[in-house]
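In mature numbering (1 follows the signal peptide of the UniProt record, and there is no 0), the protein residues as written are -22 to -1, 1 to 142.
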């Protein structure tokens, strides 16, 4: 079952790290530091930071970079990161029925999809299931591999101001 909502107030977002099995995902590149963008002024499901090597990307509320796997297709119920992979990459989970909230000025649609493995509702950004990397600290992009990518965060640029 897929749930989608435009940016709206956050009711409850629980980030649940999953430690299951042994690692079986690609070996990530060395971590790269990033500077967090301005801290959100309220409780958001996702945040945004500017990185040196990936540009502006989505984060979880603790500024851990969000990643997606090329093999995932949540709309079809296919999740490439299961069992052993979940030791390295943790799905960003929310409580069932939670209202999802995007920071102001950030483009995209937040949603959630029920994982078939029973772990709960996983956050999606524009239909892509998102994960954090267990080796990251806030602002690092250590989870990058050939198939794992940071989720880009496009922003709405202010329009031209009128002049008389």
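The beta carbon of each residue, even a glycine, is placed where N, CA and C say it ideally should be.
Where do the N-terminal and C-terminal ends of the beta strand (DSSP E) with residue 131 fall, by residue? Per DSSP, residue 131 belongs to no beta strand (DSSP E) and is neither H nor E.
Which of helix, strand or coil DSSP assigns to residue 108: DSSP places residue 108 in the coil class of the three-state scheme, outside both helix and strand.
Residue from 89, 98, 77 whose Cα sits closest to the Cα of residue 53: Closest option to residue 53, judged by alpha-carbon separation, among 89, 98, 77: 89.
Rounded straight-line distance, which links the Cα of residue 65 to that of residue 48: C-alpha separation (whole angstroms): 18 angstroms.
Ignoring anything shorter than 4 residues, give me the alpha helix (DSSP H) runs that lie fully in the segment 51 to 91, in order along the chain. Runs of the alpha helix (DSSP H) inside the segment 51 to 91: none found.
Exposed unless 16 or more other CB atoms sit within 10 angstroms - verdict on residue 108: By the C-beta density criterion, residue 108 is buried, having at least 16 other C-beta atoms within 10 angstroms.
So the beta strand (DSSP E) residue 102 belongs to, where does it begin and stop? For residue 102, the enclosing beta strand (DSSP E) begins and ends at 99 to 103.
Burial state of residue 128, where buried means 16 or more other Cβ atoms lie within 10 Å: Buried, since its Cβ has 16 or more Cβ neighbours within 10 Å.
According to DSSP, what are the bridge partners of residue 43? DSSP links residue 43 through a beta bridge to 37.
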